[in-house]
Amino acid sequence: MNADAITPPMSAERAQAIADSFDLRELPPDFYANPFPVYAALREREPVRHMPDGSWFLTRYADLVAVYRDAHTFSSDKKVEFTPKYGEGSPLLAHHTTSLVFNDPPLHTRVRKLIMGALTRRAIAGMEPGLVELVDRLLDRIEAQGGGDLVEDFAAAIPVEIIGNLLGVPHAERGPLREWSLAILGALEPRLTPAQEAAGNRSVVEMLNYLKGLVADRRRHPGDPEHDVLTRLIQGEDGEQLGEHELLQNCIFILNAGHETTTNLIGNALVALQEWPQQKALLLRTIGTRPDWAALEPAMSLAVDEFLRFESSNQLGNRRALRACEVGGVALPEGALVTLCIGAANRDPAVFERPDELDLTRENNRHLAFGFGIHQCAGLSLARLEGRVAIGRFLARFPEYRLTAPPMRGGRARFRGFLHAPFTLA
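Now the structure itself:
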């Protein structure tokens, strides 16, 4: 297969044409295949774009950081934005307006503190042996098959198990988690089809019904709150406890937040190495034939952060201006809805040299793939660990892997990844 076919090029004229009429609700197929030339055109000529729906679209790194820093002006609360989108009383509205990521303090502060207490450096280090065992088991299965699908057989299988372990979901009950997650997160797309809306609402209801039983069982049989996030959320801390509704909705959030983004990190990385064979060869030389994984941690960390920068799993974020303000020299009114284009900011030439090149030795990589400020991803250290172990051990085991057909993109603007990427081992 021709590796050049993975990310088709886009002419400057075509990119500018899409940028001139840019509307997140009406995106052409070639944008989904390669949005970065369009982002570059917007960043250069209209970095704070007033969108057809009245919102604002930001593509410069400095402007995103300014918004992330100012949580007093820019709210993460989505009730105003999501109520007309999902409808009053809908399961999707109830979920997405209660989860950690779409809330402001004090709810955000309480939930984040409880989650972070179970994601300490020591706790994450304690997860590594089990993660290595899981990855090696998946690699054994792939070797026996002679190949498979980078997403279904590998990338997607890892975070489901890790997050399932964090919440103590029994192994036999993890089957529906991926489908539920894809449907609920898919409903965050700028343009929501009736089928996506129905699948999202149904998945929230099914997930809540499942979690009610899991929570009731954990109340009767608590786990170790130092490692079991669900027990920690149930018991609370320093006299702070979540209500049942907050608890259940944030369990959904935890299951979803660490799932698709990490799947995309691993899948995007292994596909990108097919497009950038020199970087693959460099990483393989670094890993060597008898890898010392502890000694390799710094090099693998640089590589993982570059994969995150180059093709961020989550491409878009959102805020609402609580007062009239100015961003990037443009006046925004009170109530302005703002979309933060992480994918564009992570390729801003004002911050990154040769931004459109994959450079796995890139130092001082200040990418925004995990966000910034009070809403920076609570699970970033865990995601980095999963990326290091999964990508490193896959390459050490199968250095000659190659795609056997063009991988299938997910076709979404917010979450960038692949649904399928068939490959063989040689």
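Using the working numbering, the letters of the sequence shown correspond one by one to residues 44 to 469. Every residue gets a Cβ at the ideal spot worked out from N, C-alpha and C, and that includes glycine.
With fewer than three CB-CB distances shorter than 8 Å, the stretch 138-152 does not count as touching the stretch 162-171.
Contact annotation, glycine 460 with asparagine 307: C-beta distance approximately 3 Å; criterion of less than 8 Å satisfied. The three-state secondary structure of alanine 364, taken from DSSP, is strand.
DSSP places valine 373 in no alpha helix (DSSP H) but in the uninterrupted beta strand (DSSP E) bounded by 373-375. Look at serine 356 here: in three-state DSSP terms it is coil, with no helix or strand label. From the listed residues Phe117, Leu411, Leu70, the smallest Cα separation to valine 370 is found for Phe117. Proline 219 counts as exposed, since fewer than 16 other beta carbons sit within 10 angstroms of its beta carbon. If you draw a straight line from the Cα of proline 78 to the Cα of glutamate 377, it comes to about 30 Å. Closest in C-alpha terms to glutamate 406, from the list Arg431, Ala342, Gly132, Pro392, comes Ala342.
Three or more Cβ pairs closer than 8 Å define a contact, and the stretch 357-368 falls short of that threshold against the stretch 324-341. When the five nearest sequence neighbours on each side are left out, the beta carbons in the same chain lying within less than 6 Å of the beta carbon of glycine 207 are those of Arg217, in order along the chain. Taking alanine 337 as reference, the option from Asp106, Leu428, Val108 with the minimal CA-CA separation is Leu428. When DSSP states are grouped into helix, strand and coil, cysteine 420 belongs to the coil group. Glycine 279 places its beta carbon less than 8 Å from that of leucine 157. Note on arginine 397: under 16 other CB atoms within 10 angstroms of its CB, so exposed under the neighbour-count rule.
The beta-bridge partner set that DSSP reports for serine 118 consists of Arg363. The beta-carbon separation of proline 202 and histidine 302, rounded to 5 Å, stays under the 8 Å limit for a contact. Judged by DSSP secondary structure, leucine 383 falls within the beta strand (DSSP E) whose first and last residues are 380-384. Sixteen is the threshold: when 16 or more other Cβ atoms of the shown chains lie within 10 Å of the Cβ of glutamine 292, as they do, the residue is buried.
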